[in-house]
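Report on one structure; see the data block that follows.
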Amino acid sequence: SAVISQKPSRDICQRGTSLTIQCQVDSQVTMMFWYRQQPGQSLTLIATANQGSEATYESGFVIDKFPISRPNLTFSTLTVSNMSPEDSSIYLCSTSGPFVDTGELFFGEGSRLTVL
Amino acid sequence: TQLLEQSPQFLSIQEGENLTVYCNSSSVFSSLQWYRQEPGEGPVLLVTVVTGGEVKKLKRLTFQFGDARKDSSLHITAAQPGDTGLYLCAGTTPVGQNFVFGPGTRLSVLP
Chain A
1 SAVISQKPSR DICQRGTSLT IQCQVDSQVT MMFWYRQQPG QSLTLIATAN
51 QGSEATYESG FVIDKFPISR PNLTFSTLTV SNMSPEDSSI YLCSTSGPFV
101 DTGELFFGEG SRLTVL
Chain B
117 TQLLEQSPQF LSIQEGENLT VYCNSSSVFS SLQWYRQEPG EGPVLLVTVV
167 TGGEVKKLKR LTFQFGDARK DSSLHITAAQ PGDTGLYLCA GTTPVGQNFV
217 FGPGTRLSVL P
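So, in structure tokens, the structure goes:
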């Protein structure tokens with residue numbers, strides 16, 4: 001299984017600012033995923049980050065609000081732009097493996113954002 | 117849209133009791149996973165079931181995949197406070213390899 005590290009683990013942000021979350025994997029992976037988990041809720045997929053191409057966003061999420069970078073096979077960033085209190089959530093980085101068709105996902109510890 | 121439902125949503129029990137959590141859908145999944153998430157952590161994979169009717173055991177946890185691959189159950193025997201957490205089922209769709217998460221069951225085991 002992959003070991004995934006996220007930074008920051010938590011942050012308190014002011015309305016209108018932007019924050020970039022970093023995700024580092026200890027091995028090369030093809031697909032990386034960004035999820036949002038609102039308080040007391042399950043996981044919602046924001047986008048799939050593919051190396052060498054633009055991220056694929058799910059319905060309800062747009063690149064202007066959640067720009068994603070994927071410069072190589074071990075690293076990705078998610079930016080939460082122009083934040084509002086509704087963006088207060090846990091943001092989770094994930095990768096699949098070892099076989100995509102078994103659907104196993106491995107997660108980082110999450111980044112808990114609080115927007116005031 | 118393929119959806120997964122979980123029941124119960126919340127469960128509070130005493131240490132030593134048994135419990136079953138259910139994950140249901142009207143759709144077929146090529147595989148189904150169960151995760152446990154503790155506060156301040158990301159979800160951790162417990163098991164993957166792939167074959168209809170499959171039963172897997174992980175110590176005091178028993179997982180079953182329905183014959184039609186539309187539902188699954190998680191049974192915990194003699195629950196312990198360390199079992200406390202959010203249990204999530206997730207399915208992999210046969211086409212497009214999308215991952216779908218259920219809403220979760222929040223379990224609290226009291227000592």
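Quick note, the sequences are listed as chains A and B, same order.
Everything in the first sequence is counted per our numbering, starting at 1 for the first residue and increasing by one.
Everything in the second sequence is counted per our numbering, starting at 117 for the first residue and increasing by one.
C-beta: ideal position from N, C-alpha, C; glycine also.
Exercise. Starting from Q24 of chain A, trace the beta strand (DSSP E) both ways and give me its first and last residue.
Key: 19-25 is the extent of the beta strand (DSSP E) around Q24 of chain A.
Quiz item: Less than 8 Å separating the beta-carbons of L19 of chain A and T79 of chain A?
Solution: yes
Exercise. Could you have a look at D199 of chain B and say whether DSSP puts it in helix, strand or coil?
Key: helix
Exercise. Could you check which residue in B:K186, B:Y151, B:L174 has the C-alpha nearest to that of L223 of chain B?
Key: B:Y151
Practice problem: Please confirm if G60 of chain A has its CB atom under 8 Å from at least one CB of chain B. | Solution: no
Quiz prompt | Within chain B, partners of L107 of chain A - CB distance below 9 Å | solution = Reading off the sequence shown, one finds Phe at residue 107 of chain A, where the question assumed Leu. Here the neighbours are Y151, Q153, E157, G158, P159, V160, L161.
Practice problem: Can you give me the start and stop residues for the beta strand (DSSP E) that E121 of chain B sits inside? | Solution: E121 of chain B -> beta strand (DSSP E) spans 121-123.
Exercise. Report the residue from B:L190, B:Q153, B:E154 whose alpha carbon sits nearest the alpha carbon of R176 of chain B.
Key: B:L190
Self-check item: CB contact below 8 Å: E118 of chain A versus chain B
Solution: The requested residue 118 of chain A is not part of the displayed model; chain A covers only 1 to 116.
Quiz item: For M83 of chain A, which beta-bridge partners are listed by DSSP?
Solution: According to DSSP, which records beta bridges pairwise, M83 of chain A is partnered with nothing at all.
Exercise. Assign G220 of chain B to one of three DSSP states: helix, strand, or coil.
Key: Note: G220 of chain B maps to coil in three-state DSSP.
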